[in-house]
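One structure below.
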Amino acid sequence: MATEAPATPEAAAPRTPADPRLKVLKKFHGKFLPKGVLRERHKAIMTRWDSGDDHGGVTVEELKALLSDWRGTREKPPRMPKA
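To convert, count from 1 in the sequence shown and add 11; that's the working numbering.
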């Protein structure tokens, strides 16, 4: 028999809001970053992220800039129209 959680509002602790940096950081999980500047930037950010509880002062803007630069390298060049 499974026990149910108490239905009192005091027992249900309010959830803390999720860290907005995690939403951007998850987009890099399992993705390939080519050798070069982007990979070095990602390594530096991840080193700072793993440094402690405050995540080394990594900002959302910093992660979004890396994500936009990475997506920019993945864009295909526009196709030339056929005559």
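For each residue, glycine too, the CB sits at the ideal point set by N, CA and C.
With a threshold of 8 Å on Cβ separation, who are the neighbours of residue i within its own chain once the five nearest residues in sequence on each side are excluded?
{"i": "ASP38", "result": "The amino acid at residue 38 is misidentified as Asp; the sequence shows Lys. Contacts found: LEU78."}
{"i": "GLY68", "result": "ARG59"}
Grouping DSSP H, G and I as helix and E and B as strand, with all else coil, what is residue i?
{"i": "LEU44", "result": "coil"}
{"i": "GLY63", "result": "coil"}
{"i": "THR58", "result": "helix"}
{"i": "ALA76", "result": "helix"}
Can you give the Cα-Cα distance for residue i and residue j, rounded to whole angstroms?
{"i": "LYS97", "j": "SER62", "result": "Outside the shown range of the chain (12 to 94) lies residue 97, about which nothing can therefore be said."}
{"i": "ARG50", "j": "ALA24", "result": "40 Å"}
{"i": "ASP64", "j": "THR84", "result": "32 Å"}
{"i": "LYS93", "j": "ASP80", "result": "30 Å"}
Within the same chain, show all residues whose beta-carbon is closer than 7 Å to that of residue i, passing over the 5 residues directly before and after it, in chain order.
{"i": "LYS75", "result": "VAL35"}
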